[in-house]
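Working notes, structure below.
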Amino acid sequence: VAADPSRTADDIVSPGHIFPLVARDGGVLVRTGHTEAAVDISRMAGLIPAGVICEIIKDDGEMARMPDLIAFAQLHGLKIGTIADLIAYRRRTERFVERVMETPFQSVHGGEFKLILYRNTIEGAEHVALVRGDIDPAKPTVVRMHQIDFAADLLGHVEARQDYIPKAMQALAAQDGPGVVVFLRDPDLHGLAERLGGVAKPAAADRSLKAYGVGAQILLDLGVKDMIVMSSTRPNPTAL
1 VAADPSRTAD DIVSPGHIFP LVARDGGVLV RTGHTEAAVD ISRMAGLIPA GVICEIIKDD
61 GEMARMPDLI AFAQLHGLKI GTIADLIAYR RRTERFVERV METPFQSVHG GEFKLILYRN
121 TIEGAEHVAL VRGDIDPAKP TVVRMHQIDF AADLLGHVEA RQDYIPKAMQ ALAAQDGPGV
181 VVFLRDPDLH GLAERLGGVA KPAAADRSLK AYGVGAQILL DLGVKDMIVM SSTRPNPTAL
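Oh and the sequence shown: position 240 is 240 in the UniProt record's numbering, straight run, nothing missing.
As structure tokens, this is what we get:
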């Protein structure tokens, strides 16, 4: 009844144990949740953008994890996919960044760059690419992805991720070939008070999948096909 567009609230005569959830606009590219995944799959299939989701419980009452779900799917002849698979597919088949402007940019961290401003058409967040040299799709380009952290990057908060920006930009300036630093803004990050107050950050894997997916589309627009990734952590192949 809830998924039928011809029905109204008057058609529901008694409460039940199915809880309605509302997916975020933009689906798994905005929030990596099961609600968004279900609605995305329905929409991609040309159906009403609605779905039913549930947890699968093991015989011992514990929630099934991925290895358990793979075994369950094999036993019952079911297809299985992950939210990461869905994110990767949508990033391959959809464009959701637009180039807003570009201008020469002089930086104390490496001199002359070309600054290109991009906007995420789903969330409205703006991202910056600093380009050094001429990008050739047939040749490797040095790439650094950086998720902006106000406390660490601008205020110098004492933690592990200090000086990432100047080091990356200086490294690009010192090498002969082309290079790109992409600065990614995440509109879902907690406020500064929560950040400095010790509130846990959103799951790193979810943040990377979403933010680096935007970065991958920026690199595609710049013509980067072959890249050498500068990273202080293990690069995520799904994200890039």
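Note that the Cβ used here is the ideal one computed from N, Cα and C, for glycine as well.
Reduced DSSP category for residue i - H, G, I as helix; E, B as strand; rest coil
i, result
"residue 104", "strand"
"residue 34", "helix"
"residue 166", "helix"
"residue 214", "helix"
"residue 2", "coil"
"residue 45", "coil"
"residue 50", "coil"
Host alpha helix (DSSP H) of residue i (start-end)
i, result
"residue 21", "Neither: residue 21 is in no alpha helix (DSSP H) and is coded neither H nor E."
"residue 278", "Outside the shown range of the chain, which is 1 to 240, sits residue 278, and nothing can be said about it."
"residue 260", "The structure shown does not extend to residue 260, since the chain spans only 1 to 240, so no value can be given for it."
CB contact flag (residue i, residue j, <8 angstroms)
i, j, result
"residue 182", "residue 120", "no"
"residue 169", "residue 107", "yes"
"residue 43", "residue 217", "no"
"residue 79", "residue 137", "no"
"residue 227", "residue 141", "yes"
"residue 69", "residue 53", "no"
"residue 109", "residue 166", "yes"
"residue 113", "residue 132", "yes"
"residue 146", "residue 164", "yes"
"residue 116", "residue 129", "yes"
"residue 219", "residue 97", "no"
"residue 22", "residue 12", "no"
"residue 123", "residue 28", "no"
"residue 176", "residue 99", "no"
"residue 48", "residue 84", "no"
"residue 41", "residue 51", "yes"
"residue 86", "residue 127", "no"
Host beta strand (DSSP E) of residue i (start-end)
i, result
"residue 229", "226-230"
"residue 96", "That residue, residue 96, is in no beta strand (DSSP E); it is neither H nor E in DSSP."
"residue 112", "111-120"
"residue 132", "126-132"
"residue 145", "140-147"
"residue 184", "179-184"
Counting Cβ pairs, one atom from each stretch, are 3 or more of them under 8 angstroms apart for the segment 89-104 and the segment 213-227? Segments in contact, yes.
Give a yes or no on contact between the segment 33-41 and the segment 56-66, applying the rule of three or more CB pairs nearer than 8 angstroms. Verdict: no, contact absent.
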